[in-house]
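Structure first, commentary second.
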Amino acid sequence: MKKMKTTILALAVCLSSLTTQAQTIKDFFVPTSPKNKATFYSPSKTGGRTDMTRTIYYVDKGNSYDITDAKMFNGNPTVIQTKTVIFSDNEVKMTKSVSTTMMETNKQRNHNPPTVLLKMPALGKTATWSYTEISGDVANCKASWTTVDIDGKTLKAIKVEEEVVDGFGITILYYVQGIGLWKKDFKGSDGTIQPFEKFDQLSYDPTAK
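Counting in numbering that gives the first Met the number 0, the sequence shown runs from 0 upward without gaps.
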């Protein structure tokens, strides 16, 4: 009986510890500090690098993050967007954005109510939501749990399948614990999945403010 009580007590302590250290959506959306810069490249059909690259900067503003997403072709920017996001335990929401594209320059937008960019699904379940992208496209999203292997380590990840209304396929995004966005694939109407953006590296950039 004493041994059973000891086992129950140990289990309770373990569960309490797990609850205290529960992961939040921020753990999957933002790289572990001090890393604040993620780089990507678009692969060719043979897997090699192309001239299409992407850099994401994560800047901690205290109660929010400014996330600047720059897409480049041959070293020249094609799209630069800065999103101000806030976090709950299971949602990432965009409150403001500034966008520069071929169609607009430093276009500022306030998102009221805030736009949900990512949801953390409950264990063993999926989460669904819709949102309007900065471009104006409406995307329907479904998130589920998965794992990915990176450098010999198995890490938890949130897999998001994002389908733009009147689009031509499904974008598949992987948000990995401690890394943030890690991979972007594209699933065509024929079911074929092709890598669209591959993770290059995480680094620290002291100029990102």
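Think of the CB as a built atom: it goes at the ideal place given N, C-alpha and C, for glycine as much as any other residue.
- ASP26: member of the alpha helix (DSSP H) spanning 25-28, first to last residue.
- Of the residues assessed, TYR57 falls on the buried side of the cut-off, its CB having 16 or more other CB atoms within 10 angstroms.
- Listed in chain order, the non-local C-beta contacts of THR67 below 6 Å within the same chain comprise TYR56 and THR81, local neighbours out to five positions each way being set aside.
- Here ALA69 is not near LEU180, since their CB atoms are 9 Å or more apart.
- Per DSSP, the unbroken beta strand (DSSP E) holding ASP68 starts and ends at 64-72.
- For GLU162, the enclosing beta strand (DSSP E) starts and ends at 152-163.
- Rounded to whole angstroms, the separation of the alpha carbons of SER43 and ASN73 is 14 Å.
- Within its own chain, the residues whose Cβ lies closer than 6 Å to the Cβ of VAL163, once the five positions on either side in sequence are excluded, are ASP136 and ALA138, listed in chain order.
- The distance from the Cβ of PHE27 to that of TYR174 is about 4 Å, consistent with a contact at the 8 Å cut-off.
- Counting along the chain, GLU90 sits inside the beta strand (DSSP E) bounded by residues 90-99.
- The DSSP assignment places 36-42 and 48-59 as complete runs of the beta strand (DSSP E) inside the region 36-60, in order along the chain (cut-off: 3 residues).
- Under the three-state reduction of DSSP, GLN22 is assigned to coil, being neither helix nor strand.
- The residues VAL29, TYR57, VAL58 and VAL84, in chain order, have a CB closer than 7 Å to that of TYR64 in the same chain once the five nearest residues on each side in sequence are set aside.
- By the neighbour-count criterion, in which 16 or more other beta carbons inside 10 Å mark a residue as buried, LYS92 falls on the buried side.
- DSSP lists LYS158 as the bridge partner or partners of SER143.
- Between THR146 and ALA156 a beta carbon distance of about 6 Å is seen, short of the 8 Å cut, so the two are scored as contacting.
- Distance check between LYS118 and each of PRO112, SER129 and ARG108 places SER129 closest, using alpha-carbon atoms only.
- For SER202, DSSP records a beta bridge to LYS36.
- Around the CB of ALA126, 16 or more other CB atoms lie within 10 Å, so the residue is classed as buried.
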